[in-house]
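Here is the structure we will look at.
Number of protein chains: 2
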Amino acid sequence: MSELAEQEELRILVVDDEPNILDVISMALRFQGFKVGTAANGREALAAVRSFQPHLMLLDIMLPDMEGFEVARRLGAERAGIPIVFLTARDTTEDKVRGLTMGGDDYVTKPFSLEELVARIRAILRRAGLSEEVSSRLAFDNLELDDDTREVTRGGRHIELTDTEYRLLRYLMSNPRRVLTRAQLLDHVWSYDFGGDARVLETYISYLRKKVDGEGPPLIHTVRGVGYSLRLPRS
Amino acid sequence: MSELAEQEELRILVVDDEPNILDVISMALRFQGFKVGTAANGREALAAVRSFQPHLMLLDIMLPDMEGFEVARRLGAERAGIPIVFLTARDTTEDKVRGLTMGGDDYVTKPFSLEELVARIRAILRRAGLSEEVSSRLAFDNLELDDDTREVTRGGRHIELTDTEYRLLRYLMSNPRRVLTRAQLLDHVWSYDFGGDARVLETYISYLRKKVDGEGPPLIHTVRGVGYSLRLPRS
DNA sequence: CGCGCCGCTCAGGAAGCTCCCAGGAAGTTC
DNA sequence: GAACTTCCTGGGAGCTTCCTGAGCGGCGCG
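Top to bottom, those sequences are chains A and B. To convert a position in the first sequence, counted from 1, into the working numbering, add 1. To convert a position in the second sequence, counted from 1, into the working numbering, add 1.
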């Protein structure tokens, strides 16, 4: 993959006043190969846009000094086409965020899964032509996944997945052959505040196996005591 | 799509005194690949025409210092065939805007959907020969839509649609096979200030299904928890 | 080699949520 | 005022998510 080389250049500014969230997000984005800048409030954000010159912003709507929208507005001409992904609370009224997806911006409601966030970011960068990686498709062996159409096929045969199954498979496919720990899977596929029983993961692995591995040699493998891995069967 | 390459050259001047509207519109147009200049009143607008040399103007009729028409008049010879799309309040008397469409100009009443605005702009550019993209027609499978005549047919049979149904179908058809989220659909098809219940979307999907999918295999598909998608049925 | 433990698998099922659609009210147009 | 369009409401169906518990199987230890 030449992703790293090309994305090393891509700068993302993350603006949120909760240090925990800021940490989790920046870690995840750095790991994805982005250069990450942070700001904890509107004033810092405006300053950081000038100094850091991000290609994309992640902007919490609830900031201590001003609303995220206000930041976006004040950027005005300076913004110069920097797309923004707004982070909104679940109970933010729909009409507040309405119109965002039209201007090339988008929003993600808290609590979100990191995988969801990254997917949105990539989709926007793709549309804005900032990422050279134009394809919305993932493939492993004869298993294919298209993020635009949300279509999954194995050996050309369509596989019908529910939302959670889809997100889980996408995460596995974006990290092929790597062993993903139980914690990583829960962190990336479920929202960051998911407090339920960790055994849901096993349930969904089981669902996926039935649907994905039912149509060919098993690709989803258990690594006892650690987690799961997407790879070809040995021997 | 080669749209970007060809439209990068096209300059649009947006004139409105409400910062929010100005923002939303310019973002949307930038995202569509236009080069956008802005002005907040008549005086700025006149100056911007000289410096920015737009190919098309978006002109609010209600400006603090003078009426949009006045701006258009004062441009006089300088206007040199720049087409204008006037933005009017809903209650603007019809006779005020009458005759506009004769001269190659057009008008859109507030509040409008951005999709609507973009469609008008493209139509005018098409007529003025400024856009290379000549076709006003969309097609998917045996479903066809002509934006000039607003005619929709499936397998040659005419389908009668109301305005909202038409805009919804057009948006689906301009993004075939892609899964469009609830938010995207509401953003693109309804006006920017629509604050109502998101369930209208479902109602209109239901209307469309009755009219469009009543005449052949279903093309409008639900993607649970995400949105809708226009595609052929799977096997 | 056999036993027991621990982790994993998976079916069954409850609870909650999303979606569909019919019916109707309010607003708009002619 | 009639016809039409837009939007809202509510009930119900069906799906998704998550939990639970029984059983299996691998692995370590004796």
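Think of the CB as a built atom: it goes at the ideal place given N, C-alpha and C, for glycine as much as any other residue.
Item	Value
Kindly indicate which three-state DSSP category Ser230 of chain A falls into: helix, strand or coil?	strand
Give the range of the alpha helix (DSSP H) segment to which Gly38 of chain B is assigned.	Unbroken run through Gly38 of chain B is the beta strand (DSSP E), 36-40; no alpha helix (DSSP H).
Would the region 206-213 of chain B and the region 162-171 of chain B be scored as touching if the rule is three or more Cβ pairs under 8 angstroms?	yes
Taking a contact to mean a Cβ-Cβ separation below 8 angstroms, would you say Phe87 of chain B touches Leu131 of chain B in this structure?	no
Take Met63 of chain B and list the residues in its own chain whose beta-carbon comes closer than 7 angstroms to its own, dropping the five residues that flank it on each side.	Ala90
Mapping the DSSP letters down to three states, classify Asp214 of chain B as helix, strand or coil.	helix
Along the chain, where does the beta strand (DSSP E) that runs through Tyr193 of chain A open and close?	Where Tyr193 of chain A is concerned, there is no enclosing beta strand (DSSP E), given that its DSSP letter is neither H nor E.
Could you tell me which residues DSSP pairs with Thr182 of chain A in its beta bridges?	A:Gly228
So which residues on chain A does Tyr229 of chain B lean against when the C-beta distance must stay under 8 angstroms?	Ordered by position in chain A, no residue passes the 8 angstroms Cβ test against Tyr229 of chain B, which lies about 11 angstroms from the chain.
Check Glu71 of chain B in the structure and name its three-state DSSP category.	helix
Given a threshold of 16 other Cβ atoms within 10 Å of its Cβ, counted over all protein chains shown, does Thr54 of chain A qualify as buried or as exposed?	Rather than Thr, the amino acid found at residue 54 of chain A in this sequence is Gln. Looking at its Cβ environment, which holds fewer than 16 other Cβ atoms inside 10 Å, Gln54 of chain A is exposed.
According to DSSP, simplified to helix, strand and coil, what is Phe113 of chain A?	coil
Once DSSP output is grouped into helix, strand and coil, what is the label at Leu220 of chain A?	coil
Consult DSSP for His159 of chain B and reduce its assignment to one of helix, strand or coil.	strand
Under 8 angstroms, do Arg128 of chain A and Gly105 of chain A count as touching if we go by C-beta distance?	yes
Per DSSP, which one or two residues make a beta bridge with Tyr205 of chain B?	Answer is none; Tyr205 of chain B lacks a bridge partner.
Express the C-alpha separation of His56 of chain B and Arg12 of chain B in angstroms, rounding to a whole number.	5 angstroms
Could one say the Cβ of Val172 of chain B lies closer than 8 angstroms to chain A's Cβ atoms, at least one of them?	This sequence places Tyr at residue 172 of chain B; Val is not what is there. No, its Cβ sits nowhere closer than 8 angstroms to a Cβ of chain A.
So, is the C-beta of Leu144 of chain A closer than 8 angstroms to a C-beta in chain B?	no
Work out the CA separation of Gly69 of chain A and Ile122 of chain A for me, nearest whole Å.	17 angstroms
Could you give the distance in angstroms between the alpha-carbon of Gln85 of chain A and the alpha-carbon of Asp107 of chain A?	In the sequence as displayed, the identity of residue 85 of chain A is Ile instead of Gln. Ile85 of chain A and Asp107 of chain A: Cα-Cα distance of roughly 7 angstroms.
Under the rule that 16 or more other beta-carbon atoms within 10 Å means buried, what is Phe32 of chain A, buried or exposed?	exposed
So, is Thr39 of chain A buried or exposed, given that buried needs 16 or more other C-beta atoms within 10 angstroms?	buried
Whose C-alpha, out of B:Ser230, B:Ser136, B:Glu203, is nearest the C-alpha of Leu173 of chain B?	B:Ser230
With C-beta atoms as the reference, is Tyr205 of chain A less than 8 angstroms away from Pro112 of chain A?	no
Quick one: using the 10 Å Cβ neighbour count with 16 as the cut-off for buried, is Thr102 of chain A buried or exposed?	buried
Less than 8 angstroms between the C-beta atoms of His189 of chain A and Glu71 of chain A, yes or no?	no
Does DSSP put Thr165 of chain A in a helix, in a strand, or in coil?	helix
Between A:Arg151, A:Val201, A:Met28, A:Asn143, which has its C-alpha nearest Gly217 of chain A's C-alpha?	A:Asn143
Does Ala81 of chain B come out as helix, strand or coil in the three-state DSSP assignment?	coil
For Gly43 of chain A, collect the residues of the same chain with a Cβ closer than 7 angstroms to its Cβ; drop the 5 residues on either side in sequence, then sort them by chain order.	Leu64, Asp66, Met67, Glu71, Val72
Under a CB-based cut-off of 8 angstroms, is Val25 of chain B close to chain A?	yes
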